[in-house]
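Following: one structure in structure tokens, then a few remarks.
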Amino acid sequence: MTDIYELIIIGAGPAGITASIYAARKKMNFIVITKDVGGQTVLSSGIENYTGYQFITGVELANKFREHIESFNILLKENETVTFVKKDADIISVETDKGKYYTKSVVVASGRVPRKLNVKGEEEFKNRGITYCATCDAPFFAGKDVAVIGGGNSALDAVLQLIKIANKVYLIDIAPKLKADPIMVEKAKNSNIVEIYNNTKVEEIYGDKFVEGIKISRDNKIKELSIEGIFIEIGSIAASDFINDVLKNKDKEIIVNCKCETNIPGIFAAGDVTNVASKQIIVACGEGAKAVLSAFEYLSKI
Ligand SMILES: Cc1cc2nc3c(=O)[nH]c(=O)nc-3n(C[C@H](O)[C@H](O)[C@H](O)COP(=O)(O)OP(=O)(O)OC[C@H]3O[C@@H](n4cnc5c(N)ncnc54)[C@H](O)[C@@H]3O)c2cc1C
Numbered sequence: 000m001t002d003i004y005e006l007i008i009i010g011a012g013p014a015g016i017t018a019s020i021y022a023a024r025k026k027m028n029f030i031v032i033t034k035d036v037g038g039q040t041v042l043s044s045g046i047e048n049y050t051g052y053q054f055i056t057g058v059e060l061a062n063k064f065r066e067h068i069e070s071f072n073i074l075l076k077e078n079e080t081v082t083f084v085k086k087d088a089d090i091i092s093v094e095t096d097k098g099k100y101y102t103k104s105v106v107v108a109s110g111r112v113p114r115k116l117n118v119k120g121e122e123e124f125k126n127r128g129i130t131y132c133a134t135c136d137a138p139f140f141a142g143k144d145v146a147v148i149g150g151g152n153s154a155l156d157a158v159l160q161l162i163k164i165a166n167k168v169y170l171i172d173i174a175p176k177l178k179a180d181p182i183m184v185e186k187a188k189n190s191n192i193v194e195i196y197n198n199t200k201v202e203e204i205y206g207d208k209f210v211e212g213i214k215i216s217r218d219n220k221i222k223e224l225s226i227e228g229i230f231i232e233i234g235s236i237a238a239s240d241f242i243n244d245v246l247k248n249k250d251k252e253i254i255v256n257c258k259c260e261t262n263i264p265g266i267f268a269a270g271d272v273t274n275v276a277s278k279q280i281i282v283a284c285g286e287g288a289k290a291v292l293s294a295f296e297y298l299s300k301i
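Structural data, given as structure tokens:
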């Protein structure tokens, strides 16, 4: 007979990790299925707003999270991707790229993934010059000419990291004015290696085996820039494609109430994948805790 878990937690970012700790302390029969441990925290070069730490890098915090879950006997299915979740009668099936699991309740804590530009060459040159994480990949572009796409805080964060490393940084933003915090914009403008293109659209990324250049357009004029690296920093989107029956908003965020309940009894969601307002580590942790406490209450009543 196949195991039917009490709970499956999808994701091990701040929300999923905290959910796991609460589930372990409640001695629930559960597993965690996740692509990685840490989620988006590893993308942050420095965190100054997580209570208890005046400053910690994202990678250090993710390591702390891992140590914390390893202190419990948690069945962690890492490097596994959930592809489909469905509730039939009272049982929820969770399909992954490695198998199929059954459970009475689920906490979806799958967070967000970087938004794509959707231009020619983006898929072809992914990880061959194109990256979505400046903190992880900027050091690979030492002494090179690169472009950062976007105009918000993460784009400017990438530019400020690259100023110390690259030879030349083009900042390409589709909007007429950069949206990022003025202090970051000022630092970028003060650098003599940064060239800013506002009102500018990326048309194509090209190269041979690796990125060699980018075609951009402004006022219907096409221009080509020779570069070896492209940092796409245009925001992120909720990672919720594997679950269809729950209600979502137009941004694909799963709609939850203040107990992290979705419209389907037994399916809970927490953190950045939901419509909860502030996409922050501390908020995701709190939501992960709430989701498991709600799942625990739900299980005690069915
Ligand atoms: C560059 C950057 C800097 C940031 N800096 C800060 C900061 O300084 N302070 C702050 O508070 N917040 C910061 N944030 C925001 C913060 O990282 C997020 O709010 C937080 O990580 C959300 O946690 P989460 O657990 O909801 O989702 P995530 O961190 O996105 O974790 C989702 C988890 O789900 C897994 N997953 C996704 N899809 C699947 C699937 N199909 N199958 C299995 N597993 C899956 C992922 O592998 C991951 O483990 C920053 C974000 C970015 C991008």
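Residue numbers (numbering that gives the first Met the number 0): 0 to 301. The beta carbon of each residue, even a glycine, is placed where N, CA and C say it ideally should be.
Check, Outcome
"Close-in-space but distant-in-sequence residues of the same chain around N28 (CB under 6 Å, 5 per side omitted)", "Y4, E5"
"Strand pairing of I8, partner residues [DSSP]", "V31, V106"
"Residue burial classification, R111 (beta-carbon count within 10 angstroms, cutoff 16)", "buried"
"CB of K76 within 7 Å of CB of I30, strictly", "yes"
"Check whether F295 and V81 have beta carbons under 7 Å apart", "no"
"K200 - containing beta strand (DSSP E), residue span", "200-206"
"Contacting residues, own chain, Cβ-Cβ under 7 Å from N248 (five flanking each side not counted)", "I254, N274"
"Beta-carbon proximity check, A269 vs A14, cutoff 7 Å", "yes"
"Runs of beta strand (DSSP E) wholly within the stretch 216-265 (minimum 3 residues, chain order)", "220-225, 228-231, 235-237"
"Any non-hydrogen atom of ligand 1 closer than 6 Å to V105 Cβ", "no"
"The stretch 82-98 touching the stretch 163-172, judged by at least three CB pairs closer than 8 Å", "no"
"8 Å contact criterion, which S190 and I164 should meet: CB distance rounded", "S190 to I164, Cβ: 12 Å. No contact."
"Cβ pair count under 8 Å reaching 3, the stretch 92-109 against the stretch 41-58", "no"
"Where I20 sits in the DSSP three-state scheme", "helix"
"Assigned exposure category for K176 - 16 Cβ within 10 Å defines buried", "exposed"
"Candidates N262, E260, I281, of which the one nearest T50 by Cα", "I281"
"Distance cut-off 6 Å: N305 Cβ against heavy atoms of ligand 1", "Since the first residue shown for the chain is 0 and the last is 301, residue 305 is missing from the structure and cannot be characterised."
"Secondary structure of G287, DSSP reduced to three states", "helix"
"I233 vs L224 beta-carbon contact at 7 Å", "no"
"For L159, the first and last residue of its enclosing alpha helix (DSSP H)", "152-162"
"Run of the beta strand (DSSP E) containing A187, from where it starts to where it stops", "Element bounds for A187: not the beta strand (DSSP E) but the alpha helix (DSSP H), 181-188."
"Inter-residue Cα distance where the pair is G142 and K220", "29 Å"
"Beta-carbon proximity check, A108 vs A22, cutoff 7 Å", "no"
"Proximal residues to G150 (C-beta, below 6 Å), its chain only, five neighbours per side dropped", "D172, A174, L177, K178"
"Close Cβ partners of L116 (< 7 Å) along its chain, the five nearest in sequence each way excluded", "I148, V201, I231, I233"
"Bounding residues of the beta strand (DSSP E) (the contiguous stretch that carries T1)", "Neither: T1 is in no beta strand (DSSP E) and is coded neither H nor E."
"Outcome for I68 when other beta-carbon atoms lying within 10 angstroms are tallied against a minimum of 16", "buried"
"Cβ-heavy atom distance, Q53 to ligand 3, below 6 Å", "Among the ligands present in this structure, namely ligand 1, ligand 3 is not found."
"Best match in K25, D207, T1 for proximity to S299 [C-alpha to C-alpha]", "K25"
"Any non-hydrogen atom of ligand 1 within 6 Å of S239 CB", "no"
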